[in-house]
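**Student:** Before we start, here is the structure in question, set down as structure tokens.
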Amino acid sequence: MQINRPQLFTASCLALMVTGLSFGIRAGTLDTMGAEFNLDKSQLASIASTAFTAFSAVIVLGAFIVDLIGMKRLLVFAFLFHLAGIALTIFATSFTQLYIGTLLVGFANGTIEAACNPLVAGLYTDNKTTKLNHFHLWFPSGIVIGTVVVFLLNKIGITSWQVQVGTMLIPTAIYGFLFSKLDFPVTERVAAGVSYGGMFRAVLNPLFIFMIICMVGTATTELFTGQWIDVLLKNVSDNALLLLTLETGVMIIGRAFAKPILKKVTPQLLLLVSAILATLGLFMFTTVTGPMLYLAALIFGMGVCFFWPTMLGFVNTHIPETGALGLNLMGGAGMFSVGIFTLFMGDYYDKIEKSAGGDQLAAGHAVLNATLIIPIILIVAFTGLIFYMNGRSKKTAAAVQV
Numbered sequence: 001m002q003i004n005r006p007q008l009f010t011a012s013c014l015a016l017m018v019t020g021l022s023f024g025i026r027a028g029t030l031d032t033m034g035a036e037f038n039l040d041k042s043q044l045a046s047i048a049s050t051a052f053t054a055f056s057a058v059i060v061l062g063a064f065i066v067d068l069i070g071m072k073r074l075l076v077f078a079f080l081f082h083l084a085g086i087a088l089t090i091f092a093t094s095f096t097q098l099y100i101g102t103l104l105v106g107f108a109n110g111t112i113e114a115a116c117n118p119l120v121a122g123l124y125t126d127n128k129t130t131k132l133n134h135f136h137l138w139f140p141s142g143i144v145i146g147t148v149v150v151f152l153l154n155k156i157g158i159t160s161w162q163v164q165v166g167t168m169l170i171p172t173a174i175y176g177f178l179f180s181k182l183d184f185p186v187t188e189r190v191a192a193g194v195s196y197g198g199m200f201r202a203v204l205n206p207l208f209i210f211m212i213i214c215m216v217g218t219a220t221t222e223l224f225t226g227q228w229i230d231v232l233l234k235n236v237s238d239n240a241l242l243l244l245t246l247e248t249g250v251m252i253i254g255r256a257f258a259k260p261i262l263k264k265v266t267p268q269l270l271l272l273v274s275a276i277l278a279t280l281g282l283f284m285f286t287t288v289t290g291p292m293l294y295l296a297a298l299i300f301g302m303g304v305c306f307f308w309p310t311m312l313g314f315v316n317t318h319i320p321e322t323g324a325l326g327l328n329l330m331g332g333a334g335m336f337s338v339g340i341f342t343l344f345m346g347d348y349y350d351k352i353e354k355s356a357g358g359d360q361l362a363a364g365h366a367v368l369n370a371t372l373i374i375p376i377i378l379i380v381a382f383t384g385l386i387f388y389m390n391g392r393s394k395k396t397a398a399a400v401q402v
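Mapping of the sequence shown onto the working numbering: position 381 corresponds to residue 381, and the numbering continues sequentially without gaps.
Following this line, the structure appears as structure tokens:
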């Protein structure tokens with residue numbers, strides 16, 4: 001069996017780009033769907049949240065079965081879920097059909113991460129964090145492409161959200177074809193001879209538990225804000241969707257240059273700086289108007305840029321025995337938290353809007369202010385992580401000297 005690393009990596013990136021497309025296009029069409037089907041913000045939140053909760057359920061399930069059925073079979077399921085979810089969304093005539101379509105796309109997105117995160121980590125064992133950053137730049141790339149597609153189609157008069165959603169079928173067909181032609185390796189854990197029991201014991205490591213709790217915060221800060229930015233800021237900016245495009249554009253550039261950045265700073269320091277910038281960007285979203293909003297998007301994008309891949313890379317580098325289970329539990333926890341937070345914030349938005357006499361601006365700012373608490377907590381957590389890792393390094397150095 002011949003393993004073609006470049007082609008496997010390219011196909012993985014294209015598959016993840018479809019995940020990003022689903023987020024970008026949904027962010028751009030969610031409000032239009034709501035108007036067409038007469039949905040309130042709570043119903044929109046339930047549609048948006050199911051993409052996250054479905055993702056989290058499947059990625060955790062994938063963690064347990066990826067070594068049993070293989071990464072290739074998982075990606076076949078991802079392809080089928082994408083086709084079914086996109087088709088059902090396009091032809092939806094009710095809230096229920098929209099919900100199920102989004103659910104299936106969420107299943108597909110989770111399956112892609114369940115297979116491709118351990119695939120990339122196993123293909124590039126010598127520089128996992130860098131390559132996971134390179135891989136995960138295709139998620140914001142998909143969001144940028146998706147939001148631009150929605151924006152441009154609207155500009156030329158193609159306002160049908162069904163057509164906009166349908167554009168995802170093209171890259172879906174391509175990644176499905178590419179994966180069908182390639183051979184896959186076993187996961188890194190299997191290659192290293194680590195047992196299932198060893199993998200389960202590793203995820204009980206206090207450092208892993210700490211990181212999975214932090215993943216709840218980093219994922220919510222990044223993905224909830226991005227998915228809802230058009231709803232929360234549409235009364236502040238005429239081009240709220242372009243703020244998402246700008247934010248994710250910064251993420252693409254940052255992740256592309258992860259290698260030189262990680263040569264100069266440790267992953268834990270990078271996470272701390274990211275939390276500080278994310279906090280500043282979110283704060284600016286609630287306090288500035290006009291062109292300054294674009295500066296806020298730039299700063300926020302710089303903040304959330306490295307969160308997801310660096311969290312995965314840190315865990316797989318420092319606790320490699322966790323294997324695919326560790327990677328996918330991290331991703332599952334992150335996505336699940338976003339789904340729950342989105343549901344909660346949808347209800348919160350409706351309550352604030354009603355109490356403020358229909359003031360959508362006040363509701364949007366209230367939701368962002370509530371979200372702001374999360375990166376502030378992360379600043380404290382990642383400061384503690386730096387001290388912990390420095391102490392661990394000193395102990396390791398002392399042991400070597402002895």
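In this text, a Cβ means the ideal position worked out from N, Cα and C, and glycines have one as well.
Check this for me: beta carbons of Val165 and Glu222, under 8 Å apart or not?
**Tutor:** no
**Student:** Go ahead and pull the three-state DSSP assignment for Thr111.
**Tutor:** helix
**Student:** From the DSSP output, in three-state form, read off Pro309 for me.
**Tutor:** helix
**Student:** To the nearest angstrom, how far is it from the Cα of Tyr175 to the Cα of Ser141?
**Tutor:** 16 Å
**Student:** Going by alpha carbons, who is nearest to Val66 out of Ala114, Leu21 and Asn369?
**Tutor:** Ranking the options by Cα distance to Val66, first place goes to Ala114.
**Student:** What whole-angstrom Cβ distance do Ala108 and His82 have, given they're in contact under 8 Å?
**Tutor:** 4 Å
**Student:** Taking the Cβ atom as the reference point for each residue, do Met251 and Ser22 lie within a distance shorter than 8 Å?
**Tutor:** It is not a contact, given that the beta carbons lie outside the stated cut-off.
**Student:** Who are the near neighbours of Val120 in its chain, counting only those whose CB is closer than 7 Å to its CB and skipping five residues on each side?
**Tutor:** Only Phe9, Ser12, Lys131, Leu132 and Phe135 meet the Cβ criterion.
**Student:** Just curious, the alpha helix (DSSP H) that Leu404 is in, first and last residue?
**Tutor:** Outside the modelled stretch of the chain, which goes from 1 to 402, sits residue 404, for which no answer is possible.
**Student:** Just checking my contact of Ile112 with Thr19 at CB under 8 Å: how many whole Å lie between their CB atoms?
**Tutor:** 6 Å
**Student:** If you follow the alpha helix (DSSP H) that Glu222 is part of, which residue opens it and which one closes it?
**Tutor:** Segment: none, Glu222 is in no alpha helix (DSSP H) and carries neither H nor E.
**Student:** Pairing CB atoms from the segment 305-312 with CB atoms from the segment 244-264, are three or more of them under 8 Å?
**Tutor:** Yes: at least three Cβ pairs fall under 8 Å.
**Student:** Going by DSSP, what residue range makes up the alpha helix (DSSP H) through Lys259?
**Tutor:** Ala258 to Lys264
**Student:** Find the nearest neighbour of Leu137 within the set Asn390, Gly358, Gly254 and Lys354, judged by alpha-carbon distance.
**Tutor:** Checked all of Asn390, Gly358, Gly254 and Lys354; the closest Cα to Leu137 is Gly254.
**Student:** Can you give me the start and stop residues for the alpha helix (DSSP H) that Lys181 sits inside?
**Tutor:** Counting along the chain, Lys181 falls outside any alpha helix (DSSP H), and DSSP gives it neither H nor E.
**Student:** Taking the beta carbon of Leu68 as the centre, do at least 16 other beta carbons fall within 10 Å, making it buried, or is it exposed?
**Tutor:** Leu68 should be labelled exposed.
**Student:** So, is Thr289 buried or exposed, given that buried needs 16 or more other C-beta atoms within 10 angstroms?
**Tutor:** exposed
**Student:** Using a threshold of 8 Å, state whether the C-beta atoms of Phe79 and Thr159 are closer than that.
**Tutor:** It is not a contact, given that the beta carbons lie outside the stated cut-off.
**Student:** Apart from the five residues just before and just after Ser42, which ones in its own chain have a Cβ nearer than 6 Å to its Cβ?
**Tutor:** Gly346, Asp347 and Asp350
**Student:** Give the straight-line distance between the Cα atoms of Val338 and Gly24, rounded to the nearest whole angstrom.
**Tutor:** Approximately 16 Å, taken between the alpha carbons.
**Student:** Going by DSSP, what residue range makes up the alpha helix (DSSP H) through Thr279?
**Tutor:** Pro267 to Phe285
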